[in-house]
Each structure stands twice: as C-alpha cells, then as structure tokens.
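Chemist:
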Amino acid sequence: MAVTANKIELMQIADAVAREKSIDKMVVIEAMEDALSRAARSRYGAETNVRAEIDPRTGETRLWRLMEVVEVVENEASEIALKDALKQNPEAEIGAFLSDPLPPVDFGRVAALAAKQVITQKVRDAERENQYNEFKDREKEIISGLIKRIEYGHVIVDLGKGEAVIRRDQQIPREPLRQGERVRAYIAEVRREPRGPQIFLSRTHPQFMARLFEQEVPEVYDGVIEIKAVARDPGSRAKIGVYSNDSSIDPVGACVGMRGSRVQAVVGELGGEKIDIVPWSEDTATFVVNALAPAEVAKVVLDEELERIEVVVPDDQLSLAIGRRGQNVRLASQLSGYEIDIMTEEEESAKRQKEYAERSGLFMKVLDVDDMIANLLVSEGFARVEEIAYVDLEEIAEIEGFDEETAEELQARALDWLERERADLDKQRVEMGVSDDLLEVEGLDLKMIVALAKEGILNMEDLAGCVADDMTGWTERVDGEKKHYEGMLEKFRIKPDTAEHIIAQARRNVGWDTDEEEEGVEA
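Heads up, the sequence shown is in my numbering, so the first residue is 236 and it goes up one at a time.
Pasting the structure below:
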C-alpha cells in the first residue's frame with residue numbers, strides 16, 4: 236500500500252465502502268487518513284506527529300509532520316523551540332503547530348496490514364454508530380423481523396440492519412415463537428454498547444398494544460381518538476382507556492370496529508389476549524367505575540391525596556369486580572393509577588359504623604362531652620381533634636343546637652388537649668433519646684418522630700438510612716400470596732413522595748449526595 240496509490244482507485248474504494256456500509260463517505264476518508272498517519276509513524280518514528288490528508292475530490296494524498304511550538308523542547312520529534320519556529324514563521328506562538336511536508340513513502344507489509352485494520356475498525360465503529368442512531372430514532376415504535384435463533388429462552392430477531400433480542404420476560408407467556416418465523420414487537424430500548432448497539436424488543440409492553448391499535452384504527456393514528464392508558468396481563472387480559480375530543484365519535488366503537496374486526500386484529504397479534512376497551516374520563520371515580528366493568532358499582536369514595544379509592548359493590552357483584560385471581564381489579568388499578576379497595580355494601584356499612592363509633596368515642600374522651608355532642612360533631616364531618624382546634628369558629632357555631640359560646644369552649648378544650656399531648660410526646664422523645672434536629676425535618680411532626688423512635692430511628696443518620704417503603708409500607712408476593720408489610724409511618728397515611736422528601740432532607744443534613752433524590756421529588 237503506497238501513498239502514491241492510484242488517486243481514482245482510492246476514491247472508488249471510499250465510495251464503495253460508504254455505499255456498502257451505508258455510512259458517510261467522509262467517515263471512510265477520515266479512517267483512511269488515520270490509517271495512513273499511523274502507518275507513516277512506523278516509518279518516521281512513533282513519537283513523530285504525522286498527519287495524512289486526502290483530498291475528497293481528487294484523492295490526492297499528502298503527509299505532514301506537525302511540530303508544537305514550546306518554550307523549552309522536551310521531545311525533539313514533536314516539539315520545536317519558539318526561537319527556531321519564528322525563523323520559519325514570524326507569526327509563530329506558544330501552543331501553535333508548524334507543519335512540514337513529508338515525501339511520499341511506500342509502506343511495508345506490516346504497516347499496510349495495520350493500516351487496513353485501522354480502516355476496518357473505524358468503518359465498523361461508524362457502522363455501529365449509524366445503526367445505533369437509526370434504531371434509537373425508532374425507539375417506542377413497532378418493528379418486524381425474522382426470528383434467527385432462540386438462546387436460553389431469549390429470542391434473537393434479525394432486523395436486516397442489525398439484531399435485536401426479545402428477552403424471556405418480554406415474551407407473551409406460552410406464545411409459540413419459532414425460528415424462521417416473522418415476528419412483530421415494540422422497540423423498548425436501544426443501548427449503546429462497546430460491541431455495538433443492543434436493541435431490546437418487547438411483546439408484553441403496554442405500549443405495544445397501544446401501537447397495534449394505532450395501526451389498526453385510523454382514528455387513533457390521526458389523533459382523533461387518544462389512548463390514555465393501557466394495563467396488561469400479557470397473554471390473558473388487558474384494559475385500554477380511550478377518549479375522543481370529538482363528541483360525534485364513539486371511541487370505544489371505533490376501536491372495536493365493524494363486528495369487532497379491529498380489536499380482533501389486535502387480539503390475534505397478541506395470542507388471544509382478551510381486551511376490555513374502556514371509555515376514559517377526566518373524573519377519576521367515573522373512570523374507575525368504567526374500568527371495573529362488567530361489575531356494577533354502588534358507591535365510590537375517592538382519596539386523591541393518597542391516590543386510593545374505595546369501591547362499594549353489591550354482594551353478588553364482588554367476585555365479578557375482583558375478577559379471577561384479582562385480575563379485574565388489578566388491571567383497573569394499573570389503568571387508573573389508583574389503589575382500589577373493593578368491599579361489599581355490608582362491609583362498607585360495618586366499616587363506617589366502626590369509624591363513627593371510634594370518632595365519637597375520641598371526642599367524648601378528649602373534649603369531655605356527652606355522646607350527643609360527639610355524634611353531632613362526627614355527623615358534620617369532623618374526624619380529628621386538630622380539625623376542631625383549628626377550624627373557623629363559625630363552622631362549629633353553625634351546627635344545629637350549638638352557639639358561639641359552645642364553639643369557643645369546644646375549641647379551647649381541643650387546643651388544651653393538643654398542647655398537653657404535644658408536651659407528653661416531647662417528653663417521650665427526650666426519654667427515648669431522639670435528637671433535637673429531627674424536629675427541623677419538614678414533613679415530620681412529633682407523633683411521627685415518636686413512632687419512628689419506637690422503630691429505632693433516633694437521629695438524622697438513622698433517618699437517612701431509610702427508604703420510602705420503610706415508611707409507607709409495601710406489598711410483595713410470598714409463596715404465591717400477596718403479603719403486606721406495614722410501614723413505620725403508614726398509619727399517618729403519608730404519600731411515597733413525601734417519604735422520599737423527608738429522607739432526602741436527612742441525607743442532605745448528614746452530607747450524603749441527594750441530587751438524584753431531590754430531582755425525583757421535584758418530578
């Protein structure tokens with residue numbers, strides 16, 4: 236391989252490689268320049284700074300030796316003193332480079348082979364980058380490919396310009412995927428890896444179903460109908476929430492299609508997965524009722540702060556609302572983003588009676604009143620002593636049978652009790668050895684601090700070592716059954732983001748890095 240190689244042939248090679256690998260011609264030329272530079276250093280010395288230039292129009296090749304201008308020369312092969320540089324170029328300055336042309340040389344077999352390897356590697360890197368960019372741009376789309384092989388349950392798919400994988404956990408259960416067959420899947424993630432882009436496909440992702448409906452339903456593709464939410468139990472059942480801004484269009488009917496043709500096309504692609512198409516509503520309670528169909532709902536109680544909803548159904552609708560192995564309520568919960576508790580009318584009545592009795596008993600004890608006054612307060616919606624202590628006085632005075640004097644007395648008793656409770660809690664805190672700095676943590680009150688102390692959280696470092704689940708509680712499957720683990724502050728009904736914020740403050744106070752946690756809270 237010689238620098239004086241046929242110029243036209245050099246450009247033809249660059250053009251051919253660029254076309255074959257679908258990469259920019261300049262990438263190939265830059266790879267050739269790099270290869271020539273490295274090969275030239277084998278002739279002129281490894282420490283010599285040699286640069287090759289190839290004219291992309293003519294193919295003419297030149298070699299240059301670059302010398303850095305320095306005050307004191309430490310490497311004569313690549314540096315030149317400022318005083319000597321000024322003789323060659325009066326405008327030379329420290330840090331600049333002087334270039335001297337080098338004569339054309341013929342490379343030996345080893346140098347030529349090394350140059351070929353450099354070009355091959357550079358072209359391969361460019362090809363991988365091209366492939367990454369192409370598939371990264373198609374992330375979250377559906378793609379079709381040929382099943383090339385199956386390794387340890389993972390399906391390798393040939394996409395033409397690359398390979399992708401459908402991992403075992405991203406395949407629809409019991410779905411027969413065979414080598415040589417075509418398969419459609421959702422591009423879930425494209426990662427840049429040293430050995431080339433890794434493309435991960437999924438057939439279980441909720442958005443795979445959404446994209447399938449987009450292909451089958453023109454109104455979805457055009458944006459007339461929006462898919463607001465998708466919940467799936469892959470291969471078994473799914474729920475999809477749809478909505479249209481155009482009141483003349485029935486979003487459910489459009490997605491079902493004539494005689495179910497559109498939804499059946501999606502069902503067929505997903506191996507018979509049953510799909511409930513649910514009309515989406517901005518009103519969460521209405522949407523949850525729709526999502527629980529075909530079960531009939533008698534009543535809903537929504538707690539937006541905790542994102543929890545109680546659903547009351549007739550006794551004969553309980554099993555239908557819950558579904559086989561809890562599938563119906565689980566999918567409805569995923570679809571709405573709310574935790575759903577289902578109970579019968581009888582259970583709900585018993586629960587309300589119990590709550591009523593507990594609240595009445597609390598007011599009788601704390602406010603030193605008879606059951607009639609306590610019952611009146613509960614009937615008006617008061618549930619905690621704090622509500623009576625800090626509510627506007629008129630709200631209490633307006634209760635039938637009450638006057639301003641009664642309201643003032645009740646509020647005074649509530650405030651007095653809260654003050655005594657606070658003093659008692661603070662005494663407990665001190666006796667348990669809880670540090671004072673926990674009092675400064677936003678989101679924690681004395682009751683919470685004492686509750687944490689009973690679990691061994693006595694100082695800021697103890698608090699910093701917690702995770703949100705420690706406070707809010709969590710549920711996991713044990714031997715196939717759901718088991719709930721109560722959180723240290725679960726009875727105070729704090730939300731996960733509040734727990735994360737409390738922990739982030741503690742970590743910041745003890746000097747731990749909390750950038751990630753705080754970003755999560757803001758998000």
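Every residue, glycine too, gets a C-beta built ideally from N, C-alpha and C.
#1: Could you tell me which of G415, D319 and N563 sits nearest to D468, measuring between CA atoms?
#2: Measuring CA to CA, which of Y573, A420, V702 and A316 is closest to A466?
#3: Compare the beta carbon distance of L317 and I329 with 8 Å and say whether it is the shorter of the two.
#4: Can you list, in chain order, the residues of its chain with a C-beta nearer than 7 Å to that of L650? Leave out the 5 residues immediately preceding and following it.
#5: Going residue by residue through the region 559-612, where are the continuous beta strand (DSSP E) segments of at least 3 residues, counting only ones entirely within it?
#6: With C-beta atoms as the reference, is L570 less than 8 Å away from K730?
#7: For A741, which residues of its own chain have a beta-carbon under 7 Å away from its beta-carbon, when the five flanking residues on both sides are left out?
#8: Counting Cβ pairs, one atom from each stretch, are 3 or more of them under 8 Å apart for the region 449-465 and the region 550-557?
#9: Can you find the residues in the same chain that come closer than 6 Å, C-beta to C-beta, to N728, ignoring five residues on each side of it along the sequence?
#10: What are the partner residues of D335, as DSSP defines its beta bridges?
#11: Would you call K357 buried or exposed, if buried means 16 or more other Cβ atoms sit within 10 Å of its Cβ?
#12: Only counting the same chain, and skipping five residues up and downstream in sequence, which positions put a Cβ closer than 7 Å to that of A489?
#13: Evaluate L436 with the Cβ neighbour count: other Cβ atoms within 10 Å of its Cβ, from every protein chain shown; 16 or more gives buried, anything less gives exposed.
#14: Under a three-way DSSP split, which group does S379 fall into?
#15: Under 8 Å Cβ to Cβ from V285, same chain only, skipping five residues before and after it: list those, please.
#16: With three or more C-beta pairs closer than 8 Å as the rule, is the region 494-505 touching the region 478-486?
#17: Are three or more beta carbon pairs between the region 631-651 and the region 663-672 nearer than 8 Å?
#18: Measure the CB-CB distance between I378 and R446 and report whether it falls below 8 Å.
#19: Closest to I391 by CA distance: which of I407, L412 and K371 is it?
#20: Ends of the beta strand (DSSP E) at Y768?
#21: Within the continuous alpha helix (DSSP H) that includes E451, where are the two ends?
#22: For R419, which residues does DSSP report across the bridge?
#23: Residue ranges of each alpha helix (DSSP H) run of no fewer than 4 residues wholly in the region 715-749, ordered along the chain?
#24: Is the separation between the beta-carbon of V523 and that of V546 shorter than 8 Å?
#25: Helix, strand or coil: which one does DSSP assign to S272?
#26: Quick one: give me the first and last residue of the beta strand (DSSP E) that K463 is part of.
#27: Within 10 Å of its beta-carbon, does A592 have 16 or more other beta-carbons around it, so buried, or fewer, so exposed?
#28: Look at the alpha carbon of E629 and the alpha carbon of N610, and state the distance between them as a whole number of angstroms.
#29: The alpha helix (DSSP H) with L650 in it runs from where to where?
#30: If you run the structure through DSSP and keep just helix, strand and coil, what is F370?
#31: For D705, does the count of other Cβ atoms within 10 angstroms reach 16, so buried, or fall short, so exposed?
#32: Taking the alpha-carbon positions, what's the L653 to L660 distance?
#33: Helix, strand or coil for T293 per DSSP?
#34: Is it right to say Q414 is buried, meaning 16 or more other beta carbons lie within 10 angstroms of its own, or is it exposed?
#35: Just to confirm before moving on: does the CB-CB distance between A533 and E580 stay below 8 Å?
#36: Identify the continuous alpha helix (DSSP H) that holds V491 and give its terminal residues.
Modeler: Taking the structure as given:
#1: Your numbering for residue 468 matches position 233 in the sequence shown. Nearest option by C-alpha distance: N563.
#2: The residue you call residue 466 lines up with position 231 of the sequence shown. The option with the nearest alpha carbon to A466 is Y573.
#3: Here the question's residue 317 lines up with position 82 in the sequence shown. Here the question's residue 329 lines up with position 94 in the sequence shown. Annotated as proximal: L317 and I329, with beta-carbon spacing under 8 Å.
#4: For the purposes of this step, residue 650 is taken as the residue at position 415 of the sequence shown. Once the five neighbours on either side are set aside, the close Cβ partners of L650 are A624.
#5: If we require 3 residues or more, the beta strand (DSSP E) runs fully inside the region 559-612 come out as 574-579.
#6: The residue you call residue 570 lines up with position 335 of the sequence shown. The residue you call residue 730 lines up with position 495 of the sequence shown. No; because the gap between Cβ atoms is not below 8 Å, this pair is not in contact.
#7: Start at 1 with the first residue of the sequence shown, and residue 741 comes out as number 506. Once the five neighbours on either side are set aside, the close Cβ partners of A741 are V676, M695, L698 and A699.
#8: Judged by Cβ distances under 8 Å, the region 449-465 makes no contact with the region 550-557, as fewer than three pairs qualify.
#9: For this step, residue 728 is matched to residue 493 along the sequence shown. Reading the sequence as shown, one finds Arg at residue 728 and not Asn. Result list for R728: L541, in chain order.
#10: The sequence position of residue 335 within the sequence shown is 100, counting from 1. Beta-bridge pairing links D335 to R300.
#11: Looking up residue 357 in the sequence shown gives position 122. Buried: at least 16 other Cβ atoms inside 10 Å.
#12: Looking up residue 489 in the sequence shown gives position 254. Counting only Cβ-Cβ distances below 7 Å, and skipping sequence neighbours, we find V452, E454 and I460.
#13: Along the sequence shown, one-based indexing puts residue 436 at 201. By the 10 Å Cβ count, L436 comes out buried.
#14: For the purposes of this step, residue 379 is taken as the residue at position 144 of the sequence shown. Correct three-state label for S379: strand.
#15: Numbered from its first residue, the sequence shown carries residue 285 at position 50. The answer, listed in chain order, is S272, A275, R276, Y279, L298, W299, R300, L301 and L337.
#16: no
#17: By the Cβ criterion, the region 631-651 is not in contact with the region 663-672, since fewer than three pairs of Cβ atoms, one from each stretch, lie closer than 8 Å.
#18: As a working note, residue 378 is residue 143 in the sequence shown. As a working note, residue 446 is residue 211 in the sequence shown. No, the Cβ-Cβ distance between I378 and R446 is not below 8 Å.
#19: Position 156 of the sequence shown, counted from the first residue, corresponds to residue 391. Ranking the options by Cα distance to I391, first place goes to L412.
#20: An answer regarding residue 768 cannot be provided, because it is not within the stretch 236 to 758 covered by the chain.
#21: On the sequence shown, position 216 is the one that residue 451 refers to. Run containing E451: P441 to E451, per the alpha helix (DSSP H) assignment.
#22: Along the sequence shown, read from residue 1 onward, the residue named residue 419 stands at position 184. S379, per the DSSP bridge assignment.
#23: 731-744
#24: For the purposes of this step, residue 523 is taken as residue 288 along the sequence shown, with counting starting at 1. For the purposes of this step, residue 546 is taken as residue 311 along the sequence shown, with counting starting at 1. Going by C-beta atoms, V523 is nearer than 8 Å to V546.
#25: Residue numbering aside, residue 272 sits at position 37 when the sequence shown is read from its first letter. Here S272 sits in helix by DSSP.
#26: Stepping through the sequence shown from its first residue, residue 463 is reached at position 228. Annotation for K463: the continuous beta strand (DSSP E) segment containing it runs I460 to D468.
#27: By one-based count along the sequence shown, residue 592 stands at place 357. So A592 counts as exposed.
#28: The residue labelled residue 629 in the question sits at position 394 within the sequence shown. The residue labelled residue 610 in the question sits at position 375 within the sequence shown. About 18 Å.
#29: What you label residue 650 is simply residue 415 of the sequence shown in a count that begins at 1. DSSP places L650 in the uninterrupted alpha helix (DSSP H) bounded by E639 to E666.
#30: Stepping through the sequence shown from its first residue, residue 370 is reached at position 135. Helix at F370.
#31: Locating residue 705 in the sequence shown gives position 470, counting from the first residue. Burial call: buried.
#32: In the sequence shown, residue 653 corresponds to position 418, counting from 1. In the sequence shown, residue 660 corresponds to position 425, counting from 1. Roughly 10 Å separates the two Cα atoms.
#33: Position 58 of the sequence shown, counted from the first residue, corresponds to residue 293. Three-state result, T293: coil.
#34: If you number the sequence shown from 1, residue 414 lands on position 179. Counting other Cβ atoms within 10 Å of its Cβ, Q414 stays below 16 and is therefore classed as exposed.
#35: On the sequence shown, position 298 is the one that residue 533 refers to. On the sequence shown, position 345 is the one that residue 580 refers to. E580 sits close to A533, with the two beta carbons spaced by under 8 Å.
#36: Along the sequence shown, one-based indexing puts residue 491 at 256. Per DSSP, the unbroken alpha helix (DSSP H) holding V491 starts and ends at P486 to V491.
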